[in-house]
Amino acid sequence: MRRPTEHMGPFEAVNHFFQHAAEIARLSDSTVSVLSGTYRELRVQVPVRHDDGRMQVVYGYRVQHNGARGPYKGGIRFHPEADLEEVRALASLMTWKTALVDVPFGGAKGGVQVDTRGMSEGELERMTRRYTDQIGHILGATRDIPAPDMNTDAQTMSWMLDQYGRKYGHTNQIVTGKPIALGGSQGREEATGRGAVIIADAALADRNGSAEGATMAIQGFGNVGSWAARIARDRGYRIVAISDEFGGIHAEQGLDLGEVRAHVAESGSVVDCPGTEPIGNDDLLRLDVDVLMPAAIGGVITHENASEIRADIIVEAANHPVTPLADEELYEAGVTVVPDILANAGGVTVSYFEWVQNNQEMHWDHDDVVHQLERKLTTAYESCRDYQQRHEGISKRQAAYALAVDRVVEAAALRGYL
Ligand code: GLU
24 MRRPTEHMGP FEAVNHFFQH AAEIARLSDS TVSVLSGTYR ELRVQVPVRH DDGRMQVVYG
84 YRVQHNGARG PYKGGIRFHP EADLEEVRAL ASLMTWKTAL VDVPFGGAKG GVQVDTRGMS
144 EGELERMTRR YTDQIGHILG ATRDIPAPDM NTDAQTMSWM LDQYGRKYGH TNQIVTGKPI
204 ALGGSQGREE ATGRGAVIIA DAALADRNGS AEGATMAIQG FGNVGSWAAR IARDRGYRIV
264 AISDEFGGIH AEQGLDLGEV RAHVAESGSV VDCPGTEPIG NDDLLRLDVD VLMPAAIGGV
324 ITHENASEIR ADIIVEAANH PVTPLADEEL YEAGVTVVPD ILANAGGVTV SYFEWVQNNQ
384 EMHWDHDDVV HQLERKLTTA YESCRDYQQR HEGISKRQAA YALAVDRVVE AAALRGYL
């Protein structure tokens, strides 16, 4: 296997992990070239009318990576770094993620490359509707189904549902992550954070630990990080540090999450929360904790800081937070890294439950959703662990990719793609 370099782009990095699985599975060159490329990439211009009359022109993308196992599926993010290369990487991660947790979807991702800070509700709505118009012709309840991601939420999905419906007729299953009042599922909003904590529990148990009293540091306090913190605290973890894009807070005896949330509601950031000490985003990653959970952007654990990581377990709640070179170094150092395609698969898993409920015109209660989520993720975790036990010297990530790639290849071959 080729040693990764530190300067791989995000799509190249995901493909590096895929290539390793392809070698284990002895895939043919043509199969590798199908699965290391994307099926369709759409780039659209999105002019946004600001409240002051000014027009801002931004670009949006929807990338469909692979649809062998079912309709394309994946979130939409609004972020300055959501360029084509990043969206390709995220789309391919969705292919492997949906296969690993065995939900009948392919992989896609969308993004609008924009800084939403300071944008008004009206500006966001106009941008979302325009973007939906531009990509609507490749979406569909059995074709491609978006969901929330960074800086998008249930409200964004409501606008997308409404805008799509104006042209194509009301279609409940066109997006997931909807508000309950528009056919959303119980437990969807918290699902990615909950999934990451379920996986943290399983990884701790494998190292003979348990949630009770285990220390955790979380980078990121958006939807994923804030839900993970709350659910982890309820399961007995001591959350010692949290950060957001402005900085971090640390309290060795454990943060008071009620206080943190109140402070964020008031000031817009965790920074300077009373009763805590400040900590930088980089230092947070170096804390000596049982579980480190990067839950923000990609590429934060690199060759530069990998040797300073003191956590026993890294749970990748964010997408691709660890570079391939750092991943090898952490494996050699004995750190358990639970890969993104497993650690953050809770979101798309409950998206699948939402889609099923919509198809059946049914509603599950919260306990059912949580129970089914635990079952799906635990099964996926255990398959990775079993695979690792059967193949000596491979990491959890390599096991996860090998399992996912096998499933995608099987479906693609049956359809006659390969
Ligand atoms: N955006 C989430 C992810 O990256 C969820 C995708 C979905 O539910 O389709 O996994």
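In terms of this note's numbering, the sequence shown opens at residue 24 and continues consecutively. Ideal Cβ positions, reconstructed from N, Cα and C, are used throughout, including at glycine.
Check	Outcome
Compute the minimum distance between the beta carbon of residue 374 and the heavy atoms of the ligand ADP, and state whether it is under 8 Å.	In the structure on display, the ligand ADP does not appear, and the ligands it does have are the ligand GLU.
So, under 8 Å CB-CB, residue 222 and residue 400 are touching, yes? Tell me the CB distance rounded to an integer number of Å.	6 Å
Can you give the Cα-Cα distance for residue 418 and residue 89, rounded to whole angstroms?	24 Å
If you follow the alpha helix (DSSP H) that residue 88 is in, where does it begin and where does it stop?	No alpha helix (DSSP H) holds residue 88; the beta strand (DSSP E) holding it covers 78-89.
Give the C-beta separation of residue 177 and residue 200 to the nearest angstrom, bearing in mind that I take them to be a contact with Cβ-Cβ under 8 Å.	6 Å
Measuring only from the beta carbon, is residue 215 closer than 8 Å to any heavy atom that is part of the ligand GLU?	yes
Name the residue from 341, 265 and 168 whose alpha carbon lies nearest to the alpha carbon of residue 130.	168
Beta-carbon separation of residue 83 and residue 154 under 9 Å?	yes
With H, G and I counted as helix, E and B as strand and the rest as coil, what does DSSP make of residue 102?	coil
What distance in whole Å lies between the Cβ atoms of residue 42 and residue 62, which are believed to be in contact at a cut-off of 8 Å?	Residue 62 to residue 42, Cβ: 19 Å. No contact.
Can you tell me whether residue 333 is buried or exposed, with buried defined as 16 or more other CB within 10 angstroms of its CB?	exposed
I need the straight-line Cα distance from residue 76 to residue 148, nearest angstrom please.	15 Å
At 4 residues or longer, what runs of the alpha helix (DSSP H) sit wholly inside the stretch 264-346?	280-290, 304-308 and 326-329
Starting from the C-beta of residue 426, find all residues in its chain whose C-beta is less than 7 Å away, skip the five residues before and the five after it, and write them out in chain order.	123, 406, 407 and 410
Around the C-beta of residue 78, are 16 or more other C-beta atoms found within 10 angstroms, so that it is buried, or is it exposed?	exposed
So what does residue 135 bridge to, in DSSP terms?	83 and 101
Which of the three DSSP states is assigned to residue 70 in this structure?	strand
Please go through the same chain and pick out, in chain order, the residues whose beta-carbon is closer than 8 Å to the beta-carbon of residue 254, but skip the five residues on each side of it.	213, 216, 217 and 220
Expressed to the nearest angstrom, what Euclidean distance is found between the alpha-carbon atoms of residue 162 and residue 197?	7 Å
Have a look at the DSSP bridge pairing and note the partners of residue 361.	338
In terms of residues, what are the limits of the alpha helix (DSSP H) holding residue 33?	33-47
I want to check one thing, is the minimum distance from the CB of residue 117 to the heavy atoms of the ligand GLU below 8 Å?	yes
Say yes only if the C-beta of residue 125 is nearer than 8 Å to one or more non-hydrogen atoms of the ligand GLU, and no if none qualify.	no
Any idea which residues DSSP pairs residue 419 with across the strands?	Partner(s): none; residue 419 has no beta bridge.
Whole angstroms are fine: how far does the CA of residue 269 sit from the CA of residue 59?	36 Å
Judging by CA-CA distance, which residue of 312, 258 and 249 is the nearest neighbour of residue 281?	249
Could you round the C-beta distance between residue 121 and residue 371 to whole angstroms and report it? I think they count as a contact, below 8 Å.	6 Å
Going by other Cβ atoms of all chains shown within 10 Å of its Cβ, with 16 needed for buried, is residue 99 buried or exposed?	buried
Between residue 204 and residue 189, what straight-line distance do the alpha-carbon atoms span, to the nearest angstrom?	19 Å
Looking only at its chain, what residues have a beta carbon closer than 6 Å to the beta carbon of residue 354, apart from the 5 residues adjacent to it on each side?	418
Give the secondary structure of residue 117 by DSSP, where H, G and I count as helix, E and B as strand, and everything else as coil.	helix
Would you kindly work out how many angstroms separate the C-alpha atoms of residue 243 and residue 272, rounded to a whole number?	11 Å
Between which two residues does the alpha helix (DSSP H) harbouring residue 196 extend?	No alpha helix (DSSP H) holds residue 196; DSSP gives it neither H nor E.
Could you check the C-alpha separation between residue 402 and residue 264 for me, to the nearest Å?	30 Å
From the DSSP output, in three-state form, read off residue 64 for me.	strand
How would you label residue 412, buried or exposed, when you count the other beta carbons within 10 angstroms and need 16 or more for buried?	exposed
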